[in-house]
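According to the UniProt record's numbering, the sequence shown holds residues 1 to 471 in order.
I have placed the structure first, in the form of structure tokens, so that the comments after it can refer back to it.
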Amino acid sequence: MPSNKSVSDAPIVQFTNCRILRDHQLQRARARQRRLLAVSQLEEQLYSGRHRSARGRRCPWDPLCPGSMSLGQGRLLLVLQMIRELGVCNCPPREDLWVREGKILNPEKLFFDEKGSADVQLDCKDSIIAPGFIDVQINGGFGVDFSLATDDFKSGIDLVGQKILSHGVTSFCPTLVTSPSSVYHQISVRNGGAHGAGILGAHLEGPFISKEKKGAHPEHCLRTFEAGAFQDLLATYGCLDCVQIVTLAPEMRRSSEVIRELTKRGICVSLGHSVANLSQAEEAVQHGATFITHLFNAMLPFHHRDPGIVGLLTSDRIPAGRRVFYGMISDGIHTNPAALRIAHRAHPKGLVLVTDAMAGMGLAPGRHTLGQQVVEIDGLNTYIAGTKTLSGSVATMDTCVRHFQEATGCSVETALEAASLHPAQLLGIEHKKGTLNYDSDADFLMLNDSLYVQATYIAGEEVWRQDVSGM
Numbered sequence: 001m002p003s004n005k006s007v008s009d010a011p012i013v014q015f016t017n018c019r020i021l022r023d024h025q026l027q028r029a030r031a032r033q034r035r036l037l038a039v040s041q042l043e044e045q046l047y048s049g050r051h052r053s054a055r056g057r058r059c060p061w062d063p064l065c066p067g068s069m070s071l072g073q074g075r076l077l078l079v080l081q082m083i084r085e086l087g088v089c090n091c092p093p094r095e096d097l098w099v100r101e102g103k104i105l106n107p108e109k110l111f112f113d114e115k116g117s118a119d120v121q122l123d124c125k126d127s128i129i130a131p132g133f134i135d136v137q138i139n140g141g142f143g144v145d146f147s148l149a150t151d152d153f154k155s156g157i158d159l160v161g162q163k164i165l166s167h168g169v170t171s172f173c174p175t176l177v178t179s180p181s182s183v184y185h186q187i188s189v190r191n192g193g194a195h196g197a198g199i200l201g202a203h204l205e206g207p208f209i210s211k212e213k214k215g216a217h218p219e220h221c222l223r224t225f226e227a228g229a230f231q232d233l234l235a236t237y238g239c240l241d242c243v244q245i246v247t248l249a250p251e252m253r254r255s256s257e258v259i260r261e262l263t264k265r266g267i268c269v270s271l272g273h274s275v276a277n278l279s280q281a282e283e284a285v286q287h288g289a290t291f292i293t294h295l296f297n298a299m300l301p302f303h304h305r306d307p308g309i310v311g312l313l314t315s316d317r318i319p320a321g322r323r324v325f326y327g328m329i330s331d332g333i334h335t336n337p338a339a340l341r342i343a344h345r346a347h348p349k350g351l352v353l354v355t356d357a358m359a360g361m362g363l364a365p366g367r368h369t370l371g372q373q374v375v376e377i378d379g380l381n382t383y384i385a386g387t388k389t390l391s392g393s394v395a396t397m398d399t400c401v402r403h404f405q406e407a408t409g410c411s412v413e414t415a416l417e418a419a420s421l422h423p424a425q426l427l428g429i430e431h432k433k434g435t436l437n438y439d440s441d442a443d444f445l446m447l448n449d450s451l452y453v454q455a456t457y458i459a460g461e462e463v464w465r466q467d468v469s470g471m
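Dropping the structure here:
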């Protein structure tokens with residue numbers, strides 16, 4: 001048998017018996033189409049004389065198939081395809097996932113070009129395999145607040161990165177709300193692994209936001225662009241190398257200059273905490289803004305004569321080829337299910353699920369002191385102690401995905417892509433994250449039919465698995 005090591009010495013792992021989210025649908029149903037394509041390719045190679053090297057090869061879809069015996073001149077594979085179509089072969093129709101060196105492999109290239117096969121096979125037991133979730137707005141969790149300038153900042157962000165693996169998050173953007181300048185310099189980009197989810201860069205939410213819609217942001221830290229526009233931003237944030245997203249209010253004077261400069265540097269500009277009207281929001285998009293921070297929250301409410309930022313979902317003044325994305329907190333508390341359905345039906349391809357989680361995420365019900373605030377956690381509700389005033393989100397990303405599907409009635413594929421493909425497209429990294437296309441990063445999840453995470457993989461390595469012994 002030809003060696004598996006014609007290209008790399010790294011082991012090849014084949015994840016079998018699974019349903020893969022690829023091309024907007026679970027792929028098990030499309031396995032027949034792929035087999036038919038393989039038959040046509042084999043016929044071409046057979047009659048052109050280019051398939052002699054396939055003599056004695058085994059079935060690339062299942063080495064245990066009884067049809068894997070030497071027939072010579074490539075006829076084995078051709079016959080195997082035919083008997084599979086006739087239902088004789090006992091290999092069940094399915095799509096397997098192939099991984100090497102942290103990347104998704106194309107099995108046809110592996111088999112026909114490299115003459116390789118799997119070193120390791122893992123039975124996924126009919127699990128759904130989906131891209132890892134990407135959370136582009138998370139303020140903390142498990143008692144950690146990213147915006148608090150503490151000496152153990154790194155250990156805090158490491159803790160959150162490790163804990164969110166169990167909720168399917170493989171990459172995230174730590175979000176810093178309006179803070180003193182010293183806080184903005186503590187986040188660095190890193191790859192994910194067993195130590196925790198990868199950090200894509202910081203999401204800086206403020207301080208260039210509206211006083212009228214500041215929410216919990218401290219007013220004394222708010223800034224404007226009045227003096228030096230982009231230089232004001234640099235003076236506040238410092239180096240932008242580790243910044244992925246900046247949320248600002250587009251109605252601010254000279255904000256268009258800032259948006260253009262940020263966009264030139266590959267930084268996503270998001271509109272939020274704003275009293276902008278629709279025209280101001282459209283102008284911001286024309287200058288490069290592509291995201292809306294937690295739609296409906298901290299912005300002017302929809303009005304039929306001027307829908308404000310919300311109107312971007314159906315605006316006809318979006319530049320050709322550009323898509324506006326919007327973040328949604330799908331926890332059943334911060335956004336009413338009816339509002340969630342309205343947004344999704346108006347602009348389904350722009351919806352990005354975010355947790356907007358604060359330090360209380362992952363903590364037990366009861367009273368907790370978080371920073372300077374005492375809060376009471378009751379399920380997914382978090383109140384300022386002694387009141388019924390909401391104090392941030394404590395929902396995890398997998399919870400948001402399940403609620404989104406339930407509230408909108410959307411497909412499993414749509415719900416999963418709102419937490420994976422769409423945030424990757426927003427950040428311009430869909431060539432490596434948010435999909436399971438060939439050559440993309442092997443960051444993926446195994447889920448059951450109810451969309452509960454069973455295992456999490458980063459770069460093809462298992463970094464978390466559900467402990468079934470205690471269930």
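Built from N, CA and C at the ideal position, the CB exists for glycine as well.
- The beta carbons of Leu-295 and Tyr-326 sit about 4 Å from each other, so the pair counts as a contact at 8 Å.
- With a 10 Å radius around the Cβ and a threshold of 16 neighbouring Cβ atoms, Glu-219 comes out exposed.
- Asp-126 and Phe-444 have their C-alpha atoms some 15 Å from each other.
- Per DSSP, the unbroken alpha helix (DSSP H) holding Thr-408 starts and ends at 397-408.
- Taking one beta carbon from each stretch, the region 215-230 and the region 194-201 have fewer than 3 pairs nearer than 8 Å; the two do not touch.
- Close CB contacts of Gln-466 within its chain, under the 6 Å cut and outside five residues either way in sequence, are with Gln-454 (chain order).
- Here the region 133-148 lies against the region 419-433, with 3 or more beta-carbon pairs under 8 Å apart.
- Look at Phe-444 here: in three-state DSSP terms it is strand.
- Buried is the label assigned to Glu-205, since at least 16 other Cβ atoms lie within 10 Å of its Cβ.
- Taking 7 Å as the cut-off, the beta carbon of Ile-245 is found no closer than this to the beta carbon of His-195.
- As summarised for the region 239-280, the continuous beta strand (DSSP E) elements at least 3 residues long and confined to that stretch are 243-248 and 268-271, given in chain order.
- Looking at the backbone, the Cα of Lys-154 and that of Gln-137 are separated by about 18 Å.
- For Val-99, same chain residues with a beta-carbon under 6 Å away, outside a window of 5 residues either side, are Val-13, Ala-442 and Gly-460 in chain order.
- For Ala-216, the closest C-alpha among the options His-303, Gly-311, Asp-113 and Thr-389 is that of Thr-389.
- Here the alpha carbon of Tyr-438 sits roughly 14 Å from the alpha carbon of Gln-27.
- A residue is called buried when at least 16 other Cβ atoms come within 10 angstroms of its Cβ; Thr-293 meets this threshold and is buried.
- Secondary structure of Ile-342 (DSSP, three-state): helix.
- For the options Leu-148, Gly-392, Ile-129 and Gly-350, the alpha carbon positioned closest to that of Ala-424 is the one of Gly-350.
- Around the beta carbon of Arg-19, 16 or more other beta carbons sit within 10 angstroms, so the residue counts as buried.
- Of the residues Glu-95, Val-275 and Val-258, the one whose Cα lies closest to the Cα of Gln-286 is Val-258.
- Buried is the label assigned to Val-243, since at least 16 other Cβ atoms lie within 10 Å of its Cβ.
- A direct Cα-to-Cα measurement between Pro-250 and Pro-307 gives close to 15 Å.
- Under DSSP, the beta-bridge partners assigned to Cys-18 are Glu-95 and Ser-127.
- Here the region 397-413 does not lie against the region 94-114, with fewer than 3 beta-carbon pairs under 8 Å apart.
- The region 321-337 makes no contact with the region 361-372: fewer than 3 CB pairs, one atom from each, lie closer than 8 Å.
- Rounded to whole angstroms, the gap between the alpha carbons of Leu-426 and Gly-266 is 11 Å.
- When secondary structure is reduced to three states using DSSP, Glu-283 falls in the helix class.
- The beta-bridge partner set that DSSP reports for Tyr-383 consists of Glu-376 and Leu-390.
- Within the region 140-192, the runs of alpha helix (DSSP H) at least 4 residues long that lie entirely inside it are, in chain order, 153-163.
- The beta carbon of Met-397 is closer than 8 Å to those of Phe-133, Asp-135, Ile-164, His-167, Gly-168, Val-169, Leu-353, Thr-355 and Ala-419 in its chain, skipping five residues each way along the sequence.
- Secondary structure of Tyr-326 (DSSP, three-state): strand.
- Assignment of beta-bridge partners to Glu-430 by DSSP yields no partner.
- In the displayed model, Ile-209 falls within coil according to three-state DSSP, outside both helix and strand.
- Judged by DSSP in its simplified three-state form, Thr-456 adopts strand.
- By the C-beta density criterion, Cys-124 is buried, having at least 16 other C-beta atoms within 10 angstroms.
- At a Cβ-Cβ threshold of 7 Å, Ala-289 and Leu-271 count as neighbours.
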